[in-house]
Amino acid sequence: VQLQASGGGLVQVGGSLRLACAASGSIASCNILAWYRQAPGKQREWVARITSSGTTYRADSVKGRFTISRDNAKNTVYLQMNSLKPEDTAVYYCHCNAIRLGIFWGQGTLVTVSS
Numbered sequence: 054v055q056l057q058a059s060g061g062g063l064v065q066v067g068g069s070l071r072l073a074c075a076a077s078g079s080i081a082s083c084n085i086l087a088w089y090r091q092a093p094g095k096q097r098e099w100v101a102r103i104t105s106s107g108t109t110y111r112a113d114s115v116k117g118r119f120t121i122s123r124d125n126a127k128n129t130v131y132l133q134m135n136s137l138k139p140e141d142t143a144v145y146y147c148h149c150n151a152i153r154l155g156i157f158w159g160q161g162t163l164v165t166v167s168s
């Protein structure tokens, strides 16, 4: 499974962005799809994940602001980000955990929130 993330960019505080991660293969093979992020000088951290059954989980820092979703027909996972804050600035990575195939990462897309 190859993953291609897109949708990052420069946005002002309080703005919104939607990230997309398109898979070359079927994302139906991904038991868990997730988004992680890595801010400058910090470790990569988990942001949100969605299971194959559609159950979602989000980190406390993004609850109420970010929403993860998946479209198996389009082989794409999304991250809708609202009410963005400067501390959301990071490179965002999509992640697929396919029990039968392994773990896959996208190349990352940069989100910059300006104050």
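Take the sequence shown: its position 115, counted from the start at 1, is 168 in this note's numbering, and no numbers get skipped. The beta carbon of each residue, even a glycine, is placed where N, CA and C say it ideally should be.
Around the Cβ of aspartate 141, a 10 Å sphere holds 16 or more other Cβ atoms; the residue is buried.
Here valine 100 really is in contact with alanine 112; their C-beta atoms are around 6 Å apart, less than 8 Å.
In the DSSP assignment, glutamate 98 falls within the beta strand (DSSP E) that extends over 98-104. Here the alpha carbon of asparagine 84 sits roughly 29 Å from the alpha carbon of proline 93. A buried status is given to glycine 159, since no fewer than 16 other beta-carbon atoms sit within 10 Å of its beta-carbon. Contact fails between the region 142-158 and the region 111-126, because fewer than three Cβ pairs, one in each stretch, are under 8 Å apart. Taking C-beta separations shorter than 6 Å and ignoring five residues to either side along the sequence, the partners of glycine 78 in its chain run Val54, following chain order. For glutamine 160, no beta strand (DSSP E) encloses it, and the DSSP letter there is neither H nor E. Our two residues, arginine 90 and asparagine 125, have alpha carbons roughly 23 Å apart in a direct line.
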